[in-house]
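Everything below concerns the one structure shown next.
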Amino acid sequence: MPKNKFQDVIFTFLMAAVMVYGMVCYNISLETGGLRDEVFAMALGEWPVMTLAAILLELIIVGRLSKVIAFRLVNPAESGPTPIMLAISAASVWMMCPSMSLIATLLFKGGIQPGVLSTWIQTTFLNFPMALIWQFFFAGPLVRRIFGLLFREKNRG
Numbered sequence: 000m001p002k003n004k005f006q007d008v009i010f011t012f013l014m015a016a017v018m019v020y021g022m023v024c025y026n027i028s029l030e031t032g033g034l035r036d037e038v039f040a041m042a043l044g045e046w047p048v049m050t051l052a053a054i055l056l057e058l059i060i061v062g063r064l065s066k067v068i069a070f071r072l073v074n075p076a077e078s079g080p081t082p083i084m085l086a087i088s089a090a091s092v093w094m095m096c097p098s099m100s101l102i103a104t105l106l107f108k109g110g111i112q113p114g115v116l117s118t119w120i121q122t123t124f125l126n127f128p129m130a131l132i133w134q135f136f137f138a139g140p141l142v143r144r145i146f147g148l149l150f151r152e153k154n155r156g
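Final position of the sequence shown in numbering that gives the first Met the number 0 is 156; the numbers increase by one with none missing.
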């Protein structure tokens with residue numbers, strides 16, 4: 000896990016990139032009636048702006064708050080790394096999913112118009128289970144593995 004601000008920014012970029020790409024593919028699949036090969040290329044259109052939004056949200060607001068919330072659920076002095084990681088991941092998804100769903104609703108689902116509130120709520124409810132699954136079983140393990148390879152600690156002794 001990140002040990003300084005530089006590593007935190009790198010970790011955030013990697014996690015945002017993987018989470019956003021997966022969730023954009025998921026949302027396009029919902030809109031087009033299913034996952035098709037074209038969805039992977041179509042997702043690249045929304046991916047940059049949504050990744051930037053996720054990075055900014057995480058670095059400015061969600062990163063700190065997710066730790067505060069997680070440490071109310073688990074005691075870092077008494078818990079191992081896995082419960083702490085799961086609590087932080089869950090708290091992050093809990094805050095990022097409605098935020099990113101709002102941004103996507105405003106940018107890609109008609110903007111501010113009648114019905115925007117219901118569209119945002121529906122988008123959030125459809126995204127939340129997938130975001131948790133994607134985070135816990137794919138993006139989280141993949142990004143932690145990549146990050147571990149990038150910032151391997153040298154064995155001493």
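Backbone N, C-alpha and C define an ideal beta-carbon position, used for all residues, glycine too.
Computed from a predicted structure; not experimentally measured.
Fully enclosed alpha helix (DSSP H) runs of no fewer than 4 residues occupy 4-31 of the segment 4-38, in order along the chain.
Separation of Val73 and Ala130 (C-alpha to C-alpha, rounded to the nearest whole angstrom) is 21 Å.
Excluding its 5 nearest sequence neighbours in each direction, Ser91 has C-beta neighbours in its own chain below 7 Å: Val61 and Ser65, listed in chain order. In this structure, the alpha-carbon of Val19 lies about 16 Å from that of Leu105. Secondary structure note for Ser91: its alpha helix (DSSP H) is the uninterrupted segment Pro80 to Phe107. About 30 Å separates the CB atoms of Ala15 and Glu77; that is not less than 8 Å, and the two are not in contact.
Contact holds between the segment 43-56 and the segment 16-35, because three or more Cβ pairs, one in each stretch, are under 8 Å apart. By the neighbour-count definition (other C-beta atoms within 10 Å, threshold 16), Gly147 is an exposed residue. Here Met49 is buried: its Cβ has 16 or more other Cβ atoms, across all protein chains shown, within 10 Å.
For Gly147, the uninterrupted alpha helix (DSSP H) segment begins and ends at Gly139 to Leu149. Between Met94 and Ala52, the CB-CB gap reaches or exceeds 8 Å. Annotated as proximal: Ala103 and Asn26, with beta-carbon spacing under 8 Å.
Between the alpha carbons of Ile54 and Pro97 lies a distance of about 15 Å.
Around the beta carbon of Thr31, a 10 Å sphere encloses fewer than 16 other beta carbons of the protein chains shown; the residue is thus reported as exposed.
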